[in-house]
Amino acid sequence: MDDLIPDVVRNAVGRRYRISRDEMRHILVSLGHWGFDLRNDCVPETWDYDRDGNPVMEQNPVQISRAACRWANMCRGITVVSVAPRHAYPHGSVRFDSPGAMAPGQRAVLMFAPEELGGYEYDQIGQLRRKAWRVLVVSGPYLCDGQHPLPACESLVCHQTRKAQEAARSKIDRLRRVAGIDGVWARVLDDGTLELRDPNQGQGHDPRGKTRYQYRLDEHGNVLFRHLPPEIVGDAWEDIGVPEWEPSPTPPVNSVVRDWWEHQVL
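Numbering (this note's numbering) for the sequence shown: 307 to 572.
See below:
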C-alpha cells in the first residue's frame, strides 16, 4: 500500500510542485481513504473523540476529512508536513517539523513545504528536496469551516473534539505548574511528556545543547522513558536512530518525575 503515495500525488496534481492548500487537503483525504492513518498522537485535533472525551480507535471518513484539513492548515510559516510509509514514524504516518529541527537521517515519501520557506536567502526548500521523494510547495488561504461547511454529524464531532482539546490544555497547564518544572531544565511538552535536561552534562550553558531525558505514561499509568540527543541535534542518535520508549520504575524515584506522575494518576 505504501507505493500508492506517488500515484495519488500524480493523479491529484500531475507534475506540478506548487499546489494550493485545498489540493494538499485533497491529497491527504485520498491517502486516508486508501488506508493511511492521518492521526498523530501529538496532534489531538486529528483524532475523533466520543462523548466522554475518549479517543475513537477506528478512523472514519469524517475524521479523515477533518484531519486532512488540520494538516493543510498547519503547513504555514516554517512548519513542514511529511508523509512516510506506515510505521516509519512513531506517532503516525503524518508528522510536522521545521527544517532546522529535522533529524539528519529523516526521510519521507511526500513532503509539504509552505511557500514562506522560499523567501529566505538560504534555499530551505531546495534542502528539503534531499529528504523526500517529492516536495510540494503549498500556498493559499486558511481552510476554515466557512469554506468547507461541515455535515451535522461532523459538527458534533468537532464540538466533542474542542471539549477534549480544552481538557487536554487544562491538564498540560496543571502539569506545568508542578514544583520543579521551570520550563527550561524541566519542562512539560504539549503532549504531556516530561523532559529533563541535566545542566551539568556536556559543555556550555545552552539548555538546547544538553541531552534530554523524556518521560510519558502508557494507557495504564505506568511510566515510560527514553534518552534523546540534544535538541540542536534532533531526536535520533547516529548509531540507533530514534530510541524506543522503555519501561521506567513506577512509582518514579526522581522527585520531579514523581510529582509529575502523581498529578496524573493519584
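Cβ atoms here follow ideal geometry from the backbone N, Cα and C, with glycine treated the same way. All figures in this text were calculated on a predicted structure; none of them were measured in a lab.
> Does the Cβ of V571 have 16 or more other Cβ atoms within 10 Å, making it buried, or fewer, making it exposed?
Replying inline: Sequence index remark: in the sequence shown, residue 571 carries index 265 (1-based). Exposed, because fewer than 16 other Cβ atoms sit within 10 Å of the Cβ of V571.
> Buried or exposed: E364, going by 16 or more other Cβ atoms within 10 Å of its Cβ?
Replying inline: Here residue 364 refers to the residue found at position 58 when the sequence shown is read from its first residue. Exposed: under 16 other Cβ atoms inside 10 Å.
> From R514 to G341, what does the alpha carbon distance come to, in whole angstroms?
Replying inline: Locating residue 514 in the sequence shown gives position 208, where the first residue counts as 1. Locating residue 341 in the sequence shown gives position 35, where the first residue counts as 1. When rounded, the distance between both Cα atoms is 38 Å.
> Can the beta-carbon of K516 be found closer than 7 Å to that of G508?
Replying inline: As a first step, residue 516 must be located in the sequence shown, where it is residue number 210. As a first step, residue 508 must be located in the sequence shown, where it is residue number 202. Yes.
> Just checking my contact of E422 with I384 at CB under 8 Å: how many whole Å lie between their CB atoms?
Replying inline: Numbered from its first residue, the sequence shown carries residue 422 at position 116. Numbered from its first residue, the sequence shown carries residue 384 at position 78. The Cβ separation is near 7 Å, so the contact holds.
>> Quick check: T499 and R522, are their CB atoms within less than 7 Å of each other?
In response: Here the question's residue 499 lines up with position 193 in the sequence shown. Here the question's residue 522 lines up with position 216 in the sequence shown. In contact: T499 and R522 (Cβ atoms closer than 7 Å).
> Can you name, in chain order, every residue of its own chain whose Cβ lies under 7 Å from the Cβ of D504, other than the five neighbours on each side?
Replying inline: Mapped onto the sequence shown, residue 504 falls at position 198. By the criterion of a C-beta distance shorter than 7 Å, D504 is surrounded in its chain by K516, once the five residues flanking it on both sides are discounted.
> In whole angstroms, what is the alpha-carbon distance linking F402 and R321?
Replying inline: Walking along the sequence shown from the start, residue 402 turns up at place 96. Walking along the sequence shown from the start, residue 321 turns up at place 15. Between F402 and R321, the C-alpha separation is close to 24 Å.
>> Rounded to whole angstroms, what is the Cα-Cα separation between A419 and V559?
In response: Counting from one through the sequence shown, the residue named residue 419 turns up at place 113. Counting from one through the sequence shown, the residue named residue 559 turns up at place 253. Using only the alpha carbons, I get a separation of about 43 Å.
> I think A373 touches L416, with their Cβ atoms under 8 Å apart; what is that distance to the nearest whole Å?
Replying inline: Within the sequence shown, residue 373 is the residue found at index 67, counting from 1. Within the sequence shown, residue 416 is the residue found at index 110, counting from 1. Actually they do not touch by this definition, with Cβ atoms about 15 Å apart.
> Since W543 sits in a beta bridge, which residues does DSSP pair it with?
Replying inline: Along the sequence shown, one-based indexing puts residue 543 at 237. In the DSSP output, where bridge partners are listed per residue, W543 has G547.
> Straight-line CA distance for A318 to N366?
Replying inline: Within the sequence shown, numbered from 1, the residue matching residue 318 stands at position 12. Within the sequence shown, numbered from 1, the residue matching residue 366 stands at position 60. About 21 Å.
> Cα separation between T467 and D541?
Replying inline: Numbered from its first residue, the sequence shown carries residue 467 at position 161. Numbered from its first residue, the sequence shown carries residue 541 at position 235. Low local confidence applies: a pLDDT of 47 at T467 is under 50, so the model's placement there is unreliable, and no value is given.
>> Here's the rule: buried if 16 or more other CB atoms are within 10 angstroms of the residue's CB, otherwise exposed. What is V490?
In response: The residue labelled residue 490 in the question sits at position 184 within the sequence shown. So V490 counts as exposed.
> Shortest alpha-carbon distance to L495 belongs to which of N506, D479, A485?
Replying inline: As a first step, residue 495 must be located in the sequence shown, where it is residue number 189. For the residues N506, D479, A485, the minimum Cα distance to L495 belongs to D479.
> Considering only residues of the same chain and omitting the five flanking positions on each side of A438, which have a CB-CB separation below 8 Å?
Replying inline: Reading the sequence shown from its first residue, position 132 is the one you call residue 438. These residues qualify, in order along the chain: S388, R413, A414, V415, L416, M417.
> Whose CA, out of D328, I311, I333, lies closest to the CA of P391?
Replying inline: Mapped onto the sequence shown, residue 391 falls at position 85. With distances taken between Cα atoms, P391 lies closest to I311.
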